[in-house]
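A.B. asks: Here the sequence shown is numbered in full-length UniProt numbering, starting from 1 and rising by one per residue.
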Amino acid sequence: MEGHHQHHQYSGLHIDTGGSSGLHIDTGGSSGSGGGGVGGGDNLTHWSIQETRDFLMIRAELDSTFMEMKRNKILWEIIAIKMREKGYNRSPNQCKCKWKNLTIRYKIEQKTYILTQKQRVLKQKQRRFKNFILNRNRKAL
């Protein structure tokens, strides 16, 4: 990201992730759950594909901040607020759980892909060897 900068201020938290407007959060105020939709503690609701894409874009904006900070609770609150601004009602805990689930699924898919690639290579080698043996036997006849 060009021109990317960050600013952290922990009393009346302000984090500027390089966007056109800063994000101000008062962590001592109400926990407002936003308008309608999913309740704050309901982790069983389905995330749409678009909601997941929006979530990933928001999480990506804060990725370097996640790497810098040891405690991420406030960052998950920021993500939940940004999701609410996009019309989704997700709690910080739901966002954190979604991230963990996505990373676990990604690692599983990555391992599966690698195994599939290895299996393809092995099958190709087996085919080549089989063809080699068949051709050798034909020449010997």
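Every residue gets a Cβ at the ideal spot worked out from N, C-alpha and C, and that includes glycine.
Which of helix, strand or coil does DSSP assign to residue 137?
C.D. replies: Residue 137 falls in the helix class under three-state DSSP.
A.B. asks: What number of angstroms, rounded off, separates the C-alpha of residue 136 from the C-alpha of residue 110?
C.D. replies: Cα to Cα, the separation comes out at about 39 Å.
A.B. asks: Taking only runs of the alpha helix (DSSP H) that begin and end inside the region 89-141, which ones reach a length of at least 4 residues, in chain order?
C.D. replies: Those alpha helix (DSSP H) runs which fall completely within the region 89-141 and span 4+ residues are 92-140.
A.B. asks: Indicate the three-state DSSP secondary structure (helix, strand or coil) for residue 47 in the structure shown.
C.D. replies: It is coil, neither helix nor strand.
A.B. asks: Taking the alpha helix (DSSP H) that residue 71 belongs to, which residues open and close that run?
C.D. replies: Counting along the chain, residue 71 falls outside any alpha helix (DSSP H), and DSSP gives it neither H nor E.
A.B. asks: If you draw a straight line from the C-alpha of residue 50 to the C-alpha of residue 60, how long is it?
C.D. replies: For residue 50 and residue 60, the distance between alpha carbons rounds to 15 Å.
A.B. asks: Is residue 56 helix, strand or coil when you go by DSSP?
C.D. replies: Residue 56 falls in the helix class under three-state DSSP.
A.B. asks: Assuming residue 79 and residue 95 make a contact with CB atoms under 8 Å, what is their CB distance in whole Å?
C.D. replies: Going by Cβ atoms, the distance from residue 79 to residue 95 rounds to 5 Å, so yes, they are a contact pair.
A.B. asks: Since residue 92 and residue 68 are thought to touch, with beta carbons under 8 Å apart, how far apart are those beta carbons, to the nearest angstrom?
C.D. replies: So it is not a contact: roughly 18 Å between Cβ atoms.
A.B. asks: Using 9 Å as the threshold, is the C-beta distance between residue 106 and residue 54 below it?
C.D. replies: Cβ distance not < 9 Å, so residue 106 and residue 54 don't count as in contact.
A.B. asks: Measuring CA to CA, which of 125, 101 and 70 is closest to residue 47?
C.D. replies: If we check each option's Cα against that of residue 47, 101 comes out closest.
A.B. asks: Which whole-angstrom value is the C-beta distance of residue 75 and residue 66, which I expect to be below 8 Å?
C.D. replies: So it is a contact: roughly 6 Å between Cβ atoms.
A.B. asks: Spatial neighbours of residue 58 within its chain, please: CB distance less than 6 Å, with the 5 preceding and 5 following residues excluded, ordered by chain position.
C.D. replies: Excluding sequence neighbours, residue 58 sits near 79 and 82.
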